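Here the structure is laid out as structure tokens; the discussion comes afterwards.
In the working numbering, the protein residues as written are 29 to 547.
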């Protein structure tokens with residue numbers, strides 16, 4: 029959709045402002061604000077809506093909001109005195125007052141459903157787009173309407189904090205819910221690919237919520253789940269359901285995109301799809317070092333893709349656990365990519381969380397703690413941010429706290445436990461809870477190579493010499509030919525900051541005779 033006013037064209041699909049046909053350089057937040065105002069030109073847009081759309085609901089100072097409004101005006105050659113395009117409505121908000129050229133709005137579609145005035149909460153050219161359809165209420169109690177409506181808002185708000193999906197604004201979502209327009213029509217007109225829908229049933233004592241994620245192109249359910257609890261704890265249920273969906277949905281959608289595009293050529297995919305295609309083989313056992321090579325090629329072609337830099341920093345640092353590289357150049361490169369990623373995108377929780385882990389793997393635990401906390405503040409629903417914080421807390425010696433973070437991530441994303449098991453094993457080992465570490469290991473279908481060495485140490489310190497020997501031998505049979513255990517210990521030393529933790533690992537490896545059995 030392209031909006032035309034005066035000499036300007038505002039292109040939603042290209043996320044671009046043009047003047048007399050030539051692109052105008054505009055900061056993303058300013059462009060997002062312009063889209064919000066133009067697409068809602070029929071009404072006043074409140075300050076709260078601006079903060080929700082431009083800053084994803086985070087706490088923002090009045091000065092920051094005023095600055096973006098001033099930039100939006102100056103971009104159009106406007107100012108606070110003339111107010112030719114953007115008018116301040118005292119104590120209410122802003123309104124776009126310039127005339128939109130005929131054809132900027134599709135009247136037939138707007139007549140059926142007010143989607144033409146809807147705004148993606150986070151315009152992002154490559155991000156998958158979705159809508160949260162208002163949940164259906166199968167309860168006859170009048171008060172239950174409020175529960176279903178507020179649950180839909182909770183889920184929309186939670187998902188809008190995820191940096192790599194784009195959520196249609198709740199006003200348009202509720203307009204969809206109140207019409208008979210088919211999802212296929214909405215998908216075609218607005219580029220939607222996914223939807224979240226569900227239902228609520230409430231009795232005197234219990235509330236049951238069913239919810240699912242739908243691929244609108246195929247009609248298939250990517251994920252379904254159900255939550256049931258006491259009617260007396262309805263607000264807790266709303267929060268639990270919203271957190272669960274916000275935690276699980278990005279993983280399901282990214283997995284679906286990556287698996288669907290595994291065999292596609294890079295020329296047919298956008299940048300984000302290419303990234304997912306390259307990192308997907310990690311789930312099938314491809315080594316971090318090999319995927320790092322692929323990401324480096326992607327960065328050579330698209331230098332300022334923050335997520336690729338952040339993920340590369342993790343892979344470069346993590347490769348040390350696989351092939352025991354203890355190279356100062358690699359360590360420096362790991363930190364360099366992490367910091368560059370943050371400089372490119374410091375408000376994307378996935379970028380910040382991955383970069384924080386990269387810094388921890390390079391030995392910079394202080395900044396890793398700082399940035400992992402920032403990732404959680406950006407999106408407290410992100411299981412990646414929660415899990416990463418756990419890994420870094422463990423590296424810093426806060427093992428019990430780390431375990432709490434990993435358990436929270438697993439509770440929010442119960443269908444993908446293997447992603448979090450390494451963190452659980454590390455924390456349990458350093459707490460001396462070897463049986464718990466072993467129990468976590470037994471849930472893991474394809475454990476990472478170095479985790480076999482971890483388990484040999486666990487079994488040895490728990491007194492099971494036979495199992496310790498078995499895992500030590502398996503580790504050494506599987507390790508690369510150039511693997512050097514002394515270098516591996518150096519990698520462990522770099523990551524774990526407390527001397528007693530490093531000594532704990534070495535004691536386990538020594539008792540399991542891992543070093544001896546490599547000969």
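Cβ coordinates follow ideal geometry from the N, Cα and C atoms, glycine included.
For clarity, every value in this text was computed on a predicted model and none was experimentally measured.
Endpoints, the alpha helix (DSSP H) within which residue 226 is located
For residue 226, there is no enclosing alpha helix (DSSP H); the enclosing beta strand (DSSP E) covers residues 222 to 230.
Under 9 Å, do residue 343 and residue 320 count as touching if we go by C-beta distance?
A Cβ-Cβ contact shorter than 9 Å links residue 343 with residue 320.
What number of angstroms, rounded off, separates the C-alpha of residue 97 from the C-alpha of residue 245?
38 Å
Which partner residues does residue 251 have in the DSSP bridge list?
241
Do you know how far the Cα of residue 37 is from the Cα of residue 48?
8 Å
For the beta strand (DSSP E) containing residue 157, list its first residue and its last residue.
157 to 160
On a CA-only basis, which of 517, 35, 102 and 159 is nearest residue 350? Give me that one, please.
517
When you compare only the Cα positions, how much space is there between residue 432 and residue 32?
52 Å
Which of helix, strand or coil does DSSP assign to residue 43?
coil
May I ask you to list the residues that DSSP assigns as paired with residue 97?
Bridge partners of residue 97: none, in fact.
When you compare each of 378, 466 and 371 to residue 339 by their alpha carbons, which one comes out closest?
378 is the residue among 378, 466 and 371 whose C-alpha sits nearest the C-alpha of residue 339.
So, do the region 383 to 396 and the region 520 to 538 have three or more beta carbon pairs nearer to each other than 8 Å?
yes
Would residue 110 and residue 124 qualify as a contact pair, given that the criterion is a beta-carbon distance under 9 Å?
Taking 9 Å as the cut-off, the Cβ atoms of residue 110 and residue 124 do not count as close.
Going by DSSP in three states, residue 518 sits in which element: helix, strand or coil?
helix
Report the residue from 267, 67, 229 and 376 whose alpha carbon sits nearest the alpha carbon of residue 166.
229
Boundaries of the beta strand (DSSP E) in which residue 123 is found, first to last residue:
Annotation: the continuous beta strand (DSSP E) that includes residue 123 extends over 121 to 124.
Taking Cβ to Cβ, would you say residue 158 is nearer than 9 Å to residue 221?
Yes; because the gap between Cβ atoms is below 9 Å, this pair is in contact.
Classify residue 422 as buried or exposed, calling it buried when 16 or more other Cβ atoms lie within 10 Å of its own Cβ.
buried
Where do the N-terminal and C-terminal ends of the alpha helix (DSSP H) with residue 167 fall, by residue?
Segment: none, residue 167 is in no alpha helix (DSSP H) and carries neither H nor E.
So what's residue 527 in DSSP terms, helix, strand or just coil?
helix
Looking only at its chain, what residues have a beta carbon closer than 6 Å to the beta carbon of residue 348, apart from the 5 residues adjacent to it on each side?
519
By Cβ distance below 6 Å, which residues in the same chain neighbour residue 455 in space, the five residues on each side in sequence not counted?
422, 427, 430 and 431
The beta strand (DSSP E) with residue 30 in it runs from where to where?
30 to 33
Which residues bound the beta strand (DSSP E) around residue 51?
50 to 52
Just curious, the alpha helix (DSSP H) that residue 329 is in, first and last residue?
316 to 329
Should residue 361 be labelled buried (16 or more other beta-carbon atoms within 10 Å of its own) or exposed?
buried
Have a look at the DSSP bridge pairing and note the partners of residue 73.
In the DSSP assignment, residue 73 is bridged to 122.
Roughly how many angstroms lie between the CA atoms of residue 233 and residue 451, to the nearest whole one?
38 Å
Buried or exposed for residue 249, going by 16 or more other Cβ atoms inside 10 Å?
exposed
Under three-state DSSP, which class holds residue 453?
helix
So, at 8 Å on beta carbons, what are the nonlocal neighbours of residue 186 in its own chain, with the 5 sequence-adjacent residues on each side left out?
270, 271, 273, 274 and 409
Can you grab the Cα-Cα spacing for the pair residue 404 / residue 414, in whole Å?
Looking at the two C-alpha atoms, the distance is approximately 7 Å.
Tell me the rounded alpha-carbon separation between residue 122 and residue 375.
25 Å
Could you check where the alpha helix (DSSP H) with residue 115 kicks off and where it finishes?
Segment 114 to 117 is the beta strand (DSSP E) holding residue 115; no alpha helix (DSSP H) there.
Which residues in the same chain as residue 65 place their Cβ atom closer than 7 Å to its Cβ, once the five residues preceding and following it in sequence are excluded?
73, 114, 122 and 124
So, helix, strand or coil for residue 459, using DSSP?
coil
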